[in-house]
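S.K.: Top to bottom, those sequences are chains G and F.
Residue numbers for the first sequence follow my numbering, beginning at 2 and rising by one.
Residue numbers for the second sequence follow my numbering, beginning at 4 and rising by one.
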Amino acid sequence: MIQNVQWLTFCISNAVTRSIVHFFPSAANVAAPYSADCALTLFGRDFQRKTVRLEGARFGQPDGLRVEDAFPQLQEGTSGFFGLEFSMSTTQPRADILSSSCLVELSSRGHSCRFRPRQAALPEGTVAARPTKNYGPLPAVGIKDAFCTTSLVIVNASGEAYAPKIRVRRRLTGGDGEIELLAIDPLGPSAVIEVDLGEQFAPGDATPQEQSWGLVRTGGIWLQEEPPKDAALFLMYRDVVTRRPMSVMTF
Amino acid sequence: MTLEDLTTTHLWVCSYPYVDSTLFVVPPAVLGDSSARTAVAIYDADGNTANEVDLEFPSNQIGIIELESIMGGCKLEAGIKHGHAVVQSPVGYSHFCRIHTREGAALIGAPASLTADHSSFFPITFDEGRQYFLAFVNETRSTANVKCRLFCGKRSPETLLTIPPLGSRVIHVETEFPDYAGGDTGKQLQGYVRISTKSEGRIGVQLIERHATKSEGGVFSAVG
Chain G
2 MIQNVQWLTF
12 CISNAVTRSI
22 VHFFPSAANV
32 AAPYSADCAL
42 TLFGRDFQRK
52 TVRLEGARFG
62 QPDGLRVEDA
72 FPQLQEGTSG
82 FFGLEFSMST
92 TQPRADILSS
102 SCLVELSSRG
112 HSCRFRPRQA
122 ALPEGTVAAR
132 PTKNYGPLPA
142 VGIKDAFCTT
152 SLVIVNASGE
162 AYAPKIRVRR
172 RLTGGDGEIE
182 LLAIDPLGPS
192 AVIEVDLGEQ
202 FAPGDATPQE
212 QSWGLVRTGG
222 IWLQEEPPKD
232 AALFLMYRDV
242 VTRRPMSVMT
252 F
Chain F
4 MTLEDLTTTH
14 LWVCSYPYVD
24 STLFVVPPAV
34 LGDSSARTAV
44 AIYDADGNTA
54 NEVDLEFPSN
64 QIGIIELESI
74 MGGCKLEAGI
84 KHGHAVVQSP
94 VGYSHFCRIH
104 TREGAALIGA
114 PASLTADHSS
124 FFPITFDEGR
134 QYFLAFVNET
144 RSTANVKCRL
154 FCGKRSPETL
164 LTIPPLGSRV
174 IHVETEFPDY
184 AGGDTGKQLQ
194 GYVRISTKSE
204 GRIGVQLIER
214 HATKSEGGVF
224 SAVG
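(1) Could you check what DSSP says for residue 61 of chain G in three-state terms: helix, strand or coil?
(2) For residue 146 of chain G, count neighbouring Cβ atoms within 10 angstroms of its own Cβ and tell me buried if that reaches 16, exposed if not.
(3) List the endpoints of the continuous alpha helix (DSSP H) containing residue 70 of chain G.
(4) Considering residue 86 of chain G, what are the terminal residues of the beta strand (DSSP E) in which it resides?
(5) Considering just the uninterrupted stretch of the alpha helix (DSSP H) at residue 71 of chain F, what are its terminal residues?
(6) Would you check if the distance between the CB atom of residue 204 of chain F and the CB atom of residue 145 of chain F is smaller than 8 Å?
(7) Using alpha carbons as the reference points, say which of F/46, F/56, F/109 and F/13 lies closest to residue 84 of chain F.
(8) What is the rounded straight-line gap between the Cα of residue 105 of chain F and the Cα of residue 214 of chain G?
(9) With three or more C-beta pairs closer than 8 Å as the rule, is the region 113–131 of chain F touching the region 97–106 of chain G?
(10) Using the C-alpha atoms, what's the distance from residue 181 of chain F back to residue 137 of chain G?
(11) Between the alpha carbons of residue 16 of chain G and residue 201 of chain G, how many angstroms are there, rounded?
(12) If you compare alpha carbons, which of F/52, F/90, F/152 and F/171 is closest to residue 163 of chain F?
(13) Compile a chain-ordered list of the residues in the region 85–118 of chain G whose CB is closer than 9 Å to at least one CB of chain F.
(14) Would you call residue 120 of chain G buried or exposed, if buried means 16 or more other Cβ atoms sit within 10 Å of its Cβ?
(15) Residue 30 of chain F: which of F/51, F/59, F/21 and F/54 sits nearest, CA to CA?
(16) Pull up the CB-CB distance for residue 224 of chain F and residue 109 of chain F, whole angstroms please, since I reckon it's below 8 Å.
(17) According to the Cβ coordinates, are residue 65 of chain F and residue 28 of chain F closer than 8 Å?
(18) Return the chain-ordered list of same chain residues with a C-beta closer than 6 Å to the C-beta of residue 181 of chain G, the five sequence neighbours on each side being excluded.
(19) Rounded to a whole number of angstroms, what is the C-alpha to C-alpha distance between residue 8 of chain G and residue 21 of chain G?
(20) Helix or strand or just coil, what does DSSP make of residue 220 of chain F?
(21) Rounded to whole angstroms, what is the Cα-Cα separation between residue 250 of chain G and residue 172 of chain F?
(22) Am I right that residue 44 of chain G and residue 158 of chain G are in contact with their C-beta atoms under 8 Å? What's the rounded C-beta distance?
(23) Counting C-beta neighbours from all protein chains within 10 Å, is the total for residue 34 of chain G 16 or more, i.e. buried, or is it exposed?
(24) At a Cβ threshold of 8 Å, is residue 2 of chain G touching chain F?
(25) What residue range is occupied by the uninterrupted beta strand (DSSP E) comprising residue 176 of chain F?
(26) Spatial neighbours of residue 23 of chain F within its chain, please: CB distance less than 8 Å, with the 5 preceding and 5 following residues excluded, ordered by chain position.
(27) Could you name the residues of chain G that residue 67 of chain F contacts, counting a contact when the two beta carbons are closer than 9 Å?
(28) Report back the beta-carbon spacing between residue 26 of chain G and residue 58 of chain G to the nearest angstrom; my notes put them in contact at under 8 Å.
(29) Can you have a look at residue 37 of chain F and say buried or exposed, based on whether 16 or more other CB atoms are within 10 angstroms of its CB?
(30) Would the beta-carbon of residue 147 of chain F fall within 8 Å of that of residue 202 of chain F?
(31) Quick one: measure Cβ to Cβ for residue 57 of chain F and residue 42 of chain F, integer angstroms, because I've assumed they're closer than 8 Å.
(32) Cβ of residue 170 of chain G less than 8 Å from any chain F Cβ?
(33) Put residue 163 of chain F into one of helix, strand or coil per three-state DSSP.
(34) Identify the contact partners of residue 149 of chain G in chain F, using a Cβ-Cβ distance below 7 Å as the criterion.
(35) Strictly by DSSP, which residues pair up with residue 194 of chain F?
(36) Give the C-beta separation of residue 234 of chain G and residue 155 of chain G to the nearest angstrom, bearing in mind that I take them to be a contact with Cβ-Cβ under 8 Å.
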C-alpha cells in the first residue's frame, strides 16, 4: 500500500512564462474525500531550497496552484528554470494513493504547454501509476524543422553533482548514422539546466527528410544509463519563432 | 514475431479539420536487422478497421509517416475526422505522434491510461481564446463507459460517454459544459475535468487545447 508519492520536475518563471502545478489526490480503494497532505519544494541555482505545505487537498478533487503564489520570490524578479518536487501523502491507514497524479503547466500568453512530471521511484514490485514510456532503454526523438526545435532539460535534486550520459544518432545519408555521446558539463547540486540540441540537427550535421510541412531533421536520443532517483530529464520542443515551449516529454 | 517481441502503442490520430497527425517511429540505439517492419492499424471512431499498413524503415533512421494518407477510411465524428491508431514495432522502438497546423506543431506520446483503478484529470482554463477537446481511444474489444466530471467553482456537473470497442471519441468541453463556456467578461475561469471508468481494460485519454489565432488553424497543445 502506497501512502506517499513524489514527483520531480521543473518549472519556468520569467516575464513571458509562468508555471502552474496541478494535482489530483486519488485512492482507488477509498471514495470518501479525506484530506491529503501536499508539499511543494522549489530549488535552483541562486535559489535556496524552500518547501511550502499546501492545505485543503482532498481525495477525488483535482486542484492546483501557481508556483509564484507559493513562492513570492518569483514575483520579485527571480527568473529562469527551477526544480520542483511535489509530494503527496495520507494518514488514512487504508488509503493507497498510488493512482494520484500531477501535471505541470507552462503558461504563456496565447499558449499553454502541459506535461506529466517524473514520478519518484516506488517500492520494488509496485506498478507505477503512470509508467514513463520513454524511460530506460527506449529512445526519444529530437526534431528540428520550420516549427520546432528540441532541447533537453536536466533536473538534479540531489546534493551531489550529476553528469548525465546522453547519446544521439542523427539521420545521415548512407551508413548507420553516427552515434555521439553528448558533451554535457556535470550539473551542480540542486540545479536545473536546459541544453539546446538544435545544433545536433543543424544543416550539414543531419540529412533532412521532406514532409508536407517542409524539411525535417530528426535523431534518436538515448540515456546511456538510468539517472539517479533524484534526477530527471525531459525533452522540450520549442516553437522556432516564438521560443515558447510547445510540448514536454519525460525522458 | 510474437506479441512479446513487439512494442505496441495506441494513439489518437486526427486529419481534419483542426490538426494533422504524423507518426514517428524511433529505432533503438543498438541496431538489429538493416530494416524493421512497423504495422499500423487505423480504426475509425466506431472501431471499424479503416486501414492496415505494413511499413518498412531502415533501422538506422527514424521513420516518419503522415497519417492523413492512410486515414481516408475514417469518418467524421463530432465534426472531426479522427481515429485510433495501433502501432506495432519490434521491442526497443518508440512511437510518437506530431500534431500540427500551418502555425505550429506539438509532439505527443501515447494518451494517459484510464482504468477502473486509475482515474485521470486535466486542467481546463475557460477563456475566450481557448478551446478544449478530450480525445479517447478504447484499447479493448469491449464497449467502454466513461464519466467526465467538471470541477469549476462550487459546481461539478458530469457527462457520460460510450466508446465503441477499438473506437475513439472526442468531447468538445465547452459544448458539453456550456454554462462555463464563452465567458465574455474577459476573466479566466480555472476548472478541472476528472475522468473515470468502471469498464474493464484500458482507455487512452488526452487533452487537446486550441488557442485561437488570427487565421483559422490556431495553435494546439496536448497532454496525455
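Quick reminder that beta carbons are idealized off the backbone N, C-alpha and C, glycines included.
Model, not experiment: these values are computed from the prediction.
M.R.: According to the data block:
(1) Of the three classes helix, strand and coil, the one that applies to residue 61 of chain G here is coil, per DSSP.
(2) Buried.
(3) First-last of the alpha helix (DSSP H) with residue 70 of chain G: 68–71.
(4) Membership of residue 86 of chain G in the beta strand (DSSP E) is indicated by the continuous run 81–90.
(5) No alpha helix (DSSP H) contains residue 71 of chain F, which DSSP labels as neither H nor E.
(6) Taking 8 Å as the Cβ cut-off, residue 204 of chain F and residue 145 of chain F qualify as a contacting pair.
(7) Taking only the C-alpha atoms, the option nearest residue 84 of chain F is F/46.
(8) Straight-line measurement puts the Cα of residue 214 of chain G at about 8 Å from the Cα of residue 105 of chain F.
(9) Using a Cβ-Cβ distance cut-off of 8 Å, the region 97–106 of chain G and the region 113–131 of chain F are in contact, since at least three pairs of beta carbons, one from each stretch, lie closer than that value.
(10) At residue 137 of chain G the pLDDT is 49, less than 50, meaning the model places this residue with poor confidence; the figure from the coordinates comes in the next sentence. Near 43 Å, if we compare the C-alpha coordinates of residue 181 of chain F and residue 137 of chain G.
(11) Roughly 29 Å separates the two Cα atoms.
(12) The alpha carbon of residue 163 of chain F has as its nearest neighbour, out of F/52, F/90, F/152 and F/171, the alpha carbon of F/152.
(13) From the region 85–118 of chain G, only 99, 100, 102, 104, 106, 108, 111, 112, 113, 114, 115, 116 and 117 have a Cβ closer than 9 Å to chain F.
(14) A residue is called buried once 16 or more other Cβ atoms fall within 10 Å of its Cβ, and residue 120 of chain G is buried on that count.
(15) Across the set F/51, F/59, F/21 and F/54, the C-alpha of F/59 shows the shortest separation from the C-alpha of residue 30 of chain F.
(16) The pair is a contact, with the Cβ atoms about 5 Å apart (cut-off 8 Å).
(17) Between residue 65 of chain F and residue 28 of chain F, the CB-CB gap stays under 8 Å.
(18) Once the five neighbours on either side are set aside, the close Cβ partners of residue 181 of chain G are 169.
(19) Rounded to the nearest whole angstrom, the CA to CA distance from residue 8 of chain G to residue 21 of chain G is 14 Å.
(20) Looking at residue 220 of chain F - three-state DSSP - the assignment turns out to be coil, as it is neither helix nor strand.
(21) For the pair residue 250 of chain G and residue 172 of chain F, the Cα-to-Cα distance works out to about 24 Å.
(22) About 7 Å; that satisfies the 8 Å criterion.
(23) Exposed.
(24) False, the Cβ-Cβ gap to chain F never drops below 8 Å.
(25) For residue 176 of chain F, there is no enclosing beta strand (DSSP E); the residue is found in the alpha helix (DSSP H) stretching over 176–179.
(26) Its chain contains 17, 69, 70, 71, 102, 103 and 104 as the residues whose beta carbon lies nearer than 8 Å to that of residue 23 of chain F, once the 5 sequence neighbours on both sides are disregarded; these appear in chain order.
(27) Ordered by position in chain G, the residues that pass the 9 Å Cβ test against residue 67 of chain F are 210, 212, 217 and 219.
(28) Residue 26 of chain G to residue 58 of chain G, Cβ: 5 Å. Contact.
(29) Answer is exposed; the Cβ neighbour count stays below 16.
(30) Taking the C-beta atoms as reference points, residue 202 of chain F is found nearer than 8 Å to residue 147 of chain F.
(31) Here residue 57 of chain F really is in contact with residue 42 of chain F; their C-beta atoms are around 5 Å apart, less than 8 Å.
(32) Interface residue (Cβ-Cβ distance to chain F less than 8 Å): residue 170 of chain G is classified as such.
(33) Three-state DSSP puts residue 163 of chain F in a strand.
(34) Under a criterion of Cβ atoms nearer than 7 Å, the residues of chain F adjacent to residue 149 of chain G are, in order, 108.
(35) According to DSSP, which records beta bridges pairwise, residue 194 of chain F is partnered with F/127.
(36) Indeed they touch by this definition, with Cβ atoms about 5 Å apart.
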